[in-house]
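Data first, discussion second: the structure below is written as structure tokens.
Residue numbers (UniProt numbering): 1 to 117.
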């Protein structure tokens, strides 16, 4: 069908070839990531949680890095920007601070959607 329009074909064919190459490269990188996750004990344990898959586990692992640097487990939430905002001495429910890693909060939100269903 596109062969009936040679100028259009000349524009679209390189884009389709680039798309195919990107999809292939993404598949290769995804397989490499899955191999890493399968070999990592922490990632495997994280993936036992409902809604946590390979990308969430790897993102969490790379964001937290060394858990020993946190005194308490609730400090991890603060590091990710998941603690409520505070205004001086007044406690108000005004959402989370959003000071931490945006990518980590995004994958945690997506994982939490599994719990809502």
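Yeah, the Cβ is synthetic: ideal placement off N, Cα and C, and Gly gets one too.
Keep in mind it's a predicted model, so treat the numbers as computed, not measured.
From what residue to what residue does the alpha helix (DSSP H) around residue 34 run?
Counted as a single uninterrupted DSSP element, the alpha helix (DSSP H) harbouring residue 34 occupies residues 6-39.
> When the distance is taken between beta carbons, is residue 54 closer than 8 Å to residue 33?
Replying inline: Yes, they are a contact pair.
By alpha-carbon positions, which one of 56, 37, 78 and 82 ends up nearest to residue 114? If we check each option's Cα against that of residue 114, 56 comes out closest.
Report task. Give the C-beta separation of residue 51 and residue 80 to the nearest angstrom, bearing in mind that I take them to be a contact with Cβ-Cβ under 8 Å. Result -> Wrong, their Cβ atoms sit about 16 Å apart, outside the cutoff.
Review point. First and last residue of the alpha helix (DSSP H) that includes residue 112?
Key: Membership of residue 112 in the alpha helix (DSSP H) is indicated by the continuous run 102-116.
Exercise for review: Count the CB pairs spanning the region 39-49 and the region 13-26 that are closer than 8 Å, and state whether there are at least three.
Suggested key: In short, these stretches do not touch, since the Cβ pair count stays below three.
Suppose the cutoff is 8 Å on Cβ atoms and the five residues either side in sequence are ignored; what does the same chain contact list for residue 58 look like?
Exclusion of the five residues before and after residue 58 leaves 33, 36, 37 and 43 as the residues of its chain whose Cβ lies within less than 8 Å of its Cβ.
Legend entry - Straight-line Cα distance separating residue 12 from residue 3: Here the C-alpha atom of residue 3 lies approximately 11 Å from the C-alpha atom of residue 12.
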